[in-house]
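Shown next, in structure tokens, is the structure this report addresses.
Residue numbers (my numbering): 77 to 399.
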């Protein structure tokens, strides 16, 4: 890297790569900028999905065909382990152990040389690979130039990114994302918690994704008897947010307004539109007991009607999510 003279042309190209990645130009815009200083004929971005532990192709250009099993096959090579250990691009077919892969996936389509760069974000998190192909041998400094741009390009293959980030959530909320299949994905820059790995939270997320709501806010009692404030927000997850998903956020809490657990149960039923007899049947209580609970709830929340009580409960997330 010390041998490279970082002239104005290269500086401008790297700046444009960053601009394209951050500004919505995506992989193709970034690679168009990189091509100003790196000679290549084709490229392929391979994303690593931390939720499944597998690699798969997400963006390519210049290839007549991408074999479906190529991404996982490359991850089984010694060349991949070398690239991960050194965090440096590895050439093909000169790298030992890549000859068979090269003959199968590159040579039949006219490529003379291949170069694979592991993509790590600046904080050190691995997101995938960038495969380059050329009809001629790569110039000597190609690997160093690609390595310099790789922390920026790593954002292209970051499958943990959500299209809608959990903006507006206080910092004490722990966060995780779910796709429609229930697969969890950590949200970069946000802490997670053991509570978010409870089956109940995945069930909340699936039900929310299938609903028409934009957000959902409520209370949840975990299996250890601890209360949590939970928020659900819509988000696209996976590559470029192509999977329908949701962000689930939680923080431990005490019950607001000095409500008891049973009062929260009654309040939740009221907000669902149940009558006192219906609430009594659902909670196995007498109608008189339900009436007493409601008197306490009205007083604690300073409401004088079921309509106002319902409006306040829904707006402030005072209902249980699992009732």
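All C-beta atoms in this analysis are idealised placements derived from N, C-alpha and C, irrespective of residue type, glycine included.
Quick check: the Cα distance between residue 172 and residue 325, rounded to an integer number of angstroms?
As a position in the chain shown, residue 172 is number 96, starting the count at 1. As a position in the chain shown, residue 325 is number 249, starting the count at 1. Roughly 47 Å separates the two Cα atoms.
Host alpha helix (DSSP H) of residue 156 (start-end)
Residue 156 sits at position 80 when you count from the first residue of the chain shown. If you look at residue 156, you'll find it in the alpha helix (DSSP H) that goes 154-162.
Using DSSP with H/G/I as helix, E/B as strand and the rest coil, what is residue 142?
Taking the first residue of the chain shown as position 1, residue 142 is located at position 66. Reduced to three states, the DSSP call for residue 142 is coil.
Can you list the alpha helix (DSSP H) stretches of 4 or more residues lying completely in the region 272-316, in chain order?
As far as the region 272-316 is concerned, its whole alpha helix (DSSP H) runs of at least 4 residues are 275-286.
Restricting to Cα atoms, I'd like to know which of 297, 235, 227, 216 is closest to residue 488.
For the chain, the structure presents residues 77 to 399; residue 488 sits outside this window and is missing.
Going by beta carbon distance, what residues of the same chain come within less than 6 Å of residue 103, once the five residues before and after it are set aside?
One-based indexing of the chain shown puts residue 103 at position 27. Counting only Cβ-Cβ distances below 6 Å, and skipping sequence neighbours, we find 121, 135, 232.
Which runs of the alpha helix (DSSP H), 4 residues or longer, sit entirely within the region 170-219?
The region 170-219 contains these whole alpha helix (DSSP H) runs: 175-181.
Quick one: what does DSSP say residue 113 is sitting in, helix, strand or coil?
As a first step, residue 113 is located in the chain shown; it is residue number 37 there, counting from the start. Here DSSP, grouped into helix, strand and coil, assigns residue 113 to coil.
Spatial neighbours of residue 167 in its chain, beta-carbon cut-off 6 Å, leaving aside the 5 residues before and after:
The residue given as residue 167 occupies position 91 in the chain shown. Here the set comprises 191.
Would you call the region 130-145 and the region 266-276 in contact, with 3 or more CB pairs under 8 Å?
With the rule of 3 Cβ pairs closer than 8 Å, the region 130-145 does not count as touching the region 266-276.
State the beta-bridge partners of residue 328 as determined by DSSP.
Locating residue 328 in the chain shown gives position 252, where the first residue counts as 1. For residue 328, DSSP records a beta bridge to 304.
With distance defined between alpha-carbon atoms, name the residue in 140, 126, 169, 180 nearest to residue 146.
Stepping through the chain shown from its first residue, residue 146 is reached at position 70. Out of 140, 126, 169, 180, 180 has the C-alpha closest to the C-alpha of residue 146.
Does the Cβ of residue 154 have 16 or more other Cβ atoms within 10 Å, making it buried, or fewer, making it exposed?
One-based indexing of the chain shown puts residue 154 at position 78. Residue 154 comes out exposed.
contact_flag[the region 339-357, the region 366-385] where n(CB pairs < 8 Å) is 3 or more:
Enough Cβ pairs lie closer than 8 Å, so yes.
Between residue 211 and residue 245, what straight-line distance do the alpha-carbon atoms span, to the nearest angstrom?
Against the chain shown, residue 211 aligns to sequence position 135. Against the chain shown, residue 245 aligns to sequence position 169. Looking at the backbone, the Cα of residue 211 and that of residue 245 are separated by about 50 Å.
Tell me which same chain residues have a C-beta within less than 8 Å of the C-beta of residue 79, skipping the five on either side of it?
One-based indexing of the chain shown puts residue 79 at position 3. In this prediction, residue 79 has a pLDDT of 47, which is less than 50 and means its spatial position is unreliable; what the coordinates show is noted afterwards. Cβ neighbours of residue 79 beyond the five flanking positions: 217, 220.
When you compare the CB positions of residue 395 and residue 343, do they come within less than 8 Å of one another, or not?
Looking up residue 395 in the chain shown gives position 319. Looking up residue 343 in the chain shown gives position 267. Yes, the pair counts as a contact, with Cβ atoms nearer than the cut-off.
Need the endpoints of the beta strand (DSSP E) that residue 267 sits in, please.
Here residue 267 is taken as the residue at index 191 of the chain shown, counted from 1. Secondary structure note for residue 267: it is in no beta strand (DSSP E), with a DSSP letter that is neither H nor E.
Check for me: the alpha helix (DSSP H) holding residue 382 runs from which residue to which?
Working through the chain shown from its first residue, we reach residue 382 at position 306. That run of the alpha helix (DSSP H) goes 382-392.
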